Amino acid sequence: MEIWINPACSKCRSALTLLDAEGADYTVRRYLEDVPTADEIRGVLDRLSLEPWDITRTQEAEAKELDLKDRTRWPRDASGREAWIEALAAHPRLIQRPLITADDGTAVVGRTEEAVQDALSRRAR
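Quick note, this note's numbering runs 17 ahead of the 1-based positions in the sequence shown.
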């Protein structure tokens with residue numbers, strides 16, 4: 018199991034606390050320092066069964082600078098998918114956090130205790 022975190026994020030710290038309380042075996046990835054590639058983002062999106070705009074923090078300053086709410090420039094369909102992925106790779110602060118890759122090949126956005134517990138339920142025993 019791997020968890021992508023921003024240490025300054027309270028949701029990330031809460032997720033780590035839950036993982037530790039359950040004795041989970043996991044690796045921490047500080048994704049603002051160890052920036053995921055576009056291919057890694059594609060892989061996590063596949064595991065999440067989500068699209069890049071679904072895991073984009075649209076209230077961040079970078080999102081406003083890029084004008085990500087402009088659906089003409091940033092279509093939320095197959096024609097815009099790669100541009101969104103490239104934006105996330107270039108501006109990792111836009112990636113929703115924490116992201117937890119589960120042992121069964123899936124992933125969850127671990128913003129709630131329930132989501133973290135879901136990831137824990139998928140770990141190898």
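Ideal Cβ placement from N, Cα and C applies to all residues, glycine included. Keep in mind that this is a model prediction, so the values were computed, not measured.
query: According to DSSP, is residue 34 helix, strand or coil?; result: helix
query: At the level of alpha carbons, what is the spacing between residue 41 and residue 137?; result: 7 Å
query: Residue range of the beta strand (DSSP E) that residue 91 falls in?; result: Premise fails: residue 91 is in no beta strand (DSSP E) and is neither H nor E.
query: Would you decide whether residue 122 is buried or exposed? Buried here means 16 or more other CB atoms lie within 10 Å of its CB.; result: exposed
query: Can you pull the DSSP bridge partners for residue 112?; result: 73
query: Starting from residue 46, trace the beta strand (DSSP E) both ways and give me its first and last residue.; result: 44-47
query: How about residue 58 and residue 127: do their beta carbons lie closer than 8 Å?; result: no
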